Amino acid sequence: MEHFPILQELTESDSAVFAVIGIIIASAVSYKLREPKKCLYAALLCAAAYIICEITVNITHSYLPELIALFIGTASIGGAFGAMITAAVLAVRRKNM
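Laid out in structure tokens, this is it:
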């Protein structure tokens, strides 16, 4: 896990709160989109933000940018999961109608 410091921090500390915040916000935003395809695009956008933050943490050696990237990256992981969950719920609801 030394190459993925955001995932390591997520599993070793209480920063999972930021992932839960990301899940809640992404679920609310994705539910407003009302289309599973748009929700999957939102999940891809959150995953891209996570990858950028992971690269930033590995490149920079200053404390503040690493901390900001940690918070944003953790919320982005939660956002990606929240958007995917909402896309699945919207797809199931659309099938049942």
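Note that the numbering used here numbers the sequence shown so that position 37 is 40, with each residue one more than the last.
For every residue, glycine included, the Cβ atom is placed at its ideal position computed from N, Cα and C.
Given the structure is predicted, the values throughout are model-derived calculations rather than measurements.
Asked                                                                                                                                                                                       : Found
Going by DSSP in three states, residue 12 sits in which element: helix, strand or coil?                                                                                                     : helix
On the criterion of 16 or more Cβ atoms from any shown chain inside 10 Å, does residue 53 qualify as buried, or is it exposed?                                                              : buried
If residue 81 sits next to residue 31, beta carbons under 8 Å apart, how far is it from one beta carbon to the other, in whole angstroms?                                                   : That belief does not hold up - the Cβ atoms of residue 81 and residue 31 are roughly 12 Å apart, past 8 Å.
Assess, as a yes-or-no matter, whether the region 84–95 is touched by the region 30–44 under the definition of 3 or more beta carbon pairs within less than 8 Å.                            : yes
With a threshold of 8 Å on Cβ separation, who are the neighbours of residue 21 within its own chain once the five nearest residues in sequence on each side are excluded?                   : 74, 77, 78 and 81
Please work out which residues of its chain come closer than 6 Å, Cβ to Cβ, to residue 45, disregarding the five sequence neighbours upstream and downstream, and give them in chain order. : 33 and 86
Quick check: residue 59 and residue 51, are their CB atoms within less than 8 Å of each other?                                                                                              : no
Under a Cβ-count criterion, where at least 16 other Cβ atoms within 10 Å of its own Cβ denotes burial, should residue 26 be classed as buried or exposed?                                   : buried
Along the alpha helix (DSSP H) that carries residue 87, what are the first and last residues, could you check?                                                                              : 66–99
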